[in-house]
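Residue numbers (the numbering used here): 37 to 105.
Report on one structure; see the data block that follows.
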């Protein structure tokens, strides 16, 4: 992924929104626009190429929201 390969989004959130608005202005409203996800899994944040161990994979999801980041 872009986050894993580059450690950050190369397109900022405002740039992403501007691109979506530009594209929809020329062609009408799309059925769906993918969100720019804020990944919180350690292998994305710390750049490790690993998979979740068995157990509770949900423990990492929602970390940003829970901490109010």
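Ideal Cβ positions, reconstructed from N, Cα and C, are used throughout, including at glycine.
- For the set 51, 60, 41, the Cα lying nearest the Cα of residue 68 is the one of 60.
- Here the alpha carbon of residue 46 sits roughly 8 Å from the alpha carbon of residue 38.
- The shortest CA-to-CA distance from residue 72 to any of 62, 43, 52, 58 is the one to 52.
- For residue 46, the three-state secondary structure derived from DSSP is coil.
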